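For what it's worth, this note's numbering labels the leading residue of the sequence shown as 2, then goes sequentially. First up is the structure itself, then whatever we jot down about it.
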Amino acid sequence: MELFYTLTSPYSRKILLVLDHLKLTDQVTLTFLHPFEDQSGRLIEANPLGKIPTLVLGRGYTVYDSPVIADALFQMAETPELSFEEHLKQQKMQALADGIMDAAVLAQQEKCRDAAQQSPMWLERWEAAILRGLQEFEHNMIHDAGDWHIGSMSMACALDYIRFRHPDLNWMTDHPLTYKWYQTVQKMDIMIKTDPRQT
């Protein structure tokens, strides 16, 4: 298998965490590839959307995007089947985290534009979405994040991406339980190893 990824993508980082958790890292060739600098065209060939991460399986079969890749990896690892309720809890947490990532990535892209072209309205909307997502996690989901599963992995990546790209967003004070949880997971070896600040 081959994974096209970049460390600055929180979605790619999630998959690196999944590979580590399932002990599948040694079975995957990690190919660092910026989607805007794909001179070889291999990413477009594997994923017509040209998005990172993309997983190439045997016989050229490809899988994207990150929730589908994660699900495929869990299926390959033949992990114990979850109850219907637990499966939904984990998937819902992943969806919330991915939504927070979406808003944070869009806000970062907007900030990269010339100041005169930036939209304060959209930046405010994306920031509001991030904070609503964190509020939901703080009050209704954090008690389900004690175990290291696809939902908690996704949320760990989302929170650190916010700290990485939006250090001016002060979410810690109003979400103390979330911040404490974040500080704990940040000390994990795999979180340190995949820290995007190393790039």
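No residue lacks a Cβ here, since even glycine has one placed at the ideal position from N, Cα and C. Since this is a predicted model, take the numbers as computed values, not measurements.
Exposure label - residue i; buried when at least 16 CB within 10 Å
i	result
K24	exposed
Q110	exposed
T174	exposed
F37	exposed
D141	According to the sequence displayed, residue 141 carries Asn and not Asp. Classification of N141: exposed, given that the 10 Å Cβ count is below 16.
For residue j and residue i, believed in contact at Cβ under 8 Å, the rounded distance
i	j	result
E128	A108	7 Å
Q15	C158	The residue asked about is misnamed: residue 15 is Lys in this sequence, not Gln. The Cβ separation is near 5 Å, so the contact holds.
L31	Y6	6 Å
I151	D21	At roughly 13 Å, the Cβ-Cβ gap does not stay under 8 Å, so I151 and D21 are not in contact.
For residue i, the three-state DSSP class (helix, strand or coil)
i	result
L4	strand
T30	strand
K194	helix
M142	helix
S13	helix
M122	helix
**Request:** Say whether the region 108 to 120 touches the region 67 to 76, bearing in mind that this needs 3 or more beta-carbon pairs closer than 8 Å, one atom from each stretch.
**Result:** no
**Item:** Unbroken stretches of the alpha helix (DSSP H), 4 residues or longer, contained in the region 32 to 94
**Value:** 43 to 47 and 67 to 77
**alpha helix (DSSP H) runs contained entirely in the region 128 to 176, provided each spans 4 or more residues** = Segments of the alpha helix (DSSP H) lying fully in the region 128 to 176: 151 to 166.
**Message:** Under 8 Å, with one C-beta from each stretch per pair, do the region 118 to 125 and the region 94 to 101 reach the 3-pair mark?
**Reply:** The region 118 to 125 is not in contact with the region 94 to 101.
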